[in-house]
Amino acid sequence: MEFSGYMRSGTGTNSLGGQYKSFSGNALRLGNEVGNYGELSFTYWSQKPKDLDPYFKSVMTMAYYSSNNSQYENAYPQVVETYIEGGYVDHLPFTTWVGKRFYREGDVHIFDLRPYAAMNGTGGGLGKIDLGFGKLDVAYIQENKNPEGSSSIGNPNKEALDLRIHGMAEGALDAWLASASISNGDLGPSYTGFALGLKYSSTIADGNNSVVLA
């Protein structure tokens with residue numbers, strides 16, 4: 193079993209006697225938010241991989257948020273990820289996953305956001321398909337954003353097909369293509385569209401740098 197997590201708690205003062213408020217638009221939001229938020233993620237390996245050996249794992253992530261208005265608040269944890277993943281079974285040259293997960297890349301630490309290749313929801317996909325010049329990940333993902341208490345099972349707000357190629361140009365270049373349709377039902381118009389992205393990674397002195405075009 194492996195454990196990882198993330199937590200933040202915001203507080204502050206106002207020299208004019210007003211309330212402490214988050215920065216407008218969440219600009220540079222890390223450390224500048226009012227509420228408490230945390231994620232606790234648990235990964236259970238039924239079999240850990242060695243190179244291209246078969247493996248299986250299950251992941252569950254719990255999230256917690258409170259407005260930080262008092263010491264005791266009516267806030268409850270939620271399950272934001274629950275999925276299983278495996279790969280290279282019977283010498284098949286790819287991995288596969290199914291469930292609800294954060295399907296995202298490109299963390300910008302100071303913003304506490306993942307603006308590049310962020311596609312979250314419930315679905316499934318194949319990964320690490322060798323193309324010779326890189327490895328391809330394919331995923332179909334649904335996401336629901338209906339009001340609490342309403343049912344959207346079988347009628348998702350968003351449906352997306354996500355394609356990613358990793359490790360091109362000797363590992364320095366990644367590419368992303370996503371096509372999606374969004375339906376708002378009676379609440380508004382529906383949309384279809386796509387996203388394109390490229391990420392170039394390099395080393396600088398003892399560190400690293402990534403440039404993203406999306």
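So the sequence shown is numbered by the numbering used here: it starts at 193 and just counts up by one. Think of the CB as a built atom: it goes at the ideal place given N, C-alpha and C, for glycine as much as any other residue. What you are looking at is a predicted structure, and each value in this text was computed from that prediction instead of being measured.
Taking one C-beta from the segment 232-248 and one from the segment 194-205 each time, how about it: are there three or more such pairs within less than 8 Å? The segment 232-248 and the segment 194-205 touch, with no fewer than 3 CB-CB distances between them shorter than 8 Å.
With 16 other CB atoms within 10 Å as the buried threshold, where does ILE396 fall? Translated into the one-based positions of the sequence shown, residue 396 becomes position 204. Taking all protein chains in view, the Cβ of ILE396 is surrounded by fewer than 16 other Cβ atoms within 10 Å, so the residue is classified as exposed.
Residue burial classification, GLU265 (beta-carbon count within 10 angstroms, cutoff 16): On the sequence shown, position 73 is the one that residue 265 refers to. With fewer than 16 other Cβ atoms within 10 Å, it is exposed.
Whole angstroms is fine: what's the gap from ILE228's alpha carbon to VAL271's? Locating residue 228 in the sequence shown gives position 36, where the first residue counts as 1. Locating residue 271 in the sequence shown gives position 79, where the first residue counts as 1. Here the sequence assigns Asn to residue 228, which means Ile is not the residue at that position. Each residue's Cα considered, the two are about 17 Å apart.
Can you look up ALA309 in the DSSP assignment and give me helix, strand or coil? Here residue 309 refers to the residue found at position 117 when the sequence shown is read from its first residue. In the structure shown, the three-state DSSP call for ALA309 is coil.
Backbone secondary structure at MET360 - three-state DSSP: Sequence index remark: in the sequence shown, residue 360 carries index 168 (1-based). In this structure, MET360 counts as helix in the three-state DSSP scheme.
Enumerate in chain order the residues of its own chain whose CB-to-CB distance from ILE357 is below 6 Å, with the five nearest sequence positions on each side excluded. Translated into the one-based positions of the sequence shown, residue 357 becomes position 165. Hits under 6 Å: GLY326, LEU328 and ALA367.
LEU365 versus LEU208 - alpha carbon distance: As a working mapping, residue 365 is identified with position 173 in the sequence shown. As a working mapping, residue 208 is identified with position 16 in the sequence shown. Going by the C-alpha atoms only, they are around 49 Å apart.
Compare the Cα-Cα distances from GLN263 to each of MET252, GLU297 and THR203 and report the closest residue. As a first step, residue 263 is located in the sequence shown; it is residue number 71 there, counting from the start. Looking at the Cα atoms, THR203 is the closest of the given residues.
Work out the CA separation of VAL290 and GLU351 for me, nearest whole Å. Position 159 of the sequence shown, counted from the start, is the residue given in the question as residue 351. Position 98 of the sequence shown, counted from the start, is the residue given in the question as residue 290. Cα to Cα, GLU351 sits roughly 15 Å from VAL290.
So is LYS242 buried or exposed if we call it buried at 16+ other beta carbons inside 10 Å? Taking the first residue of the sequence shown as 1, we reach residue 242 at position 50. LYS242 comes out exposed.
DSSP three-state call for VAL330: helix, strand or coil? Residue mapping note: residue 330 aligns to position 138 of the sequence shown, counting from 1. DSSP, reduced to helix, strand and coil, places VAL330 within a strand of the structure shown.
Taking Cβ positions, are GLY313 and THR287 nearer each other than 7 Å? Working through the sequence shown from its first residue, we reach residue 313 at position 121. Working through the sequence shown from its first residue, we reach residue 287 at position 95. Between GLY313 and THR287, the C-beta spacing is not below 7 Å.
Selection from ARG293, LEU284 and LYS213 that minimises the alpha carbon distance to GLU273: Against the sequence shown, residue 273 aligns to sequence position 81. Closest by alpha carbon: ARG293.
CB LYS249 to CB GLU225, shorter than 7 Å? One-based indexing of the sequence shown puts residue 249 at position 57. One-based indexing of the sequence shown puts residue 225 at position 33. GLU225 is positioned such that its CB atom lies no closer than 7 Å to that of LYS249.
By the DSSP assignment, the beta strand (DSSP E) with ARG200 in it spans what residues? Along the sequence shown, one-based indexing puts residue 200 at 8. Looking at the DSSP string, the run of the beta strand (DSSP E) that includes ARG200 is 194-201.
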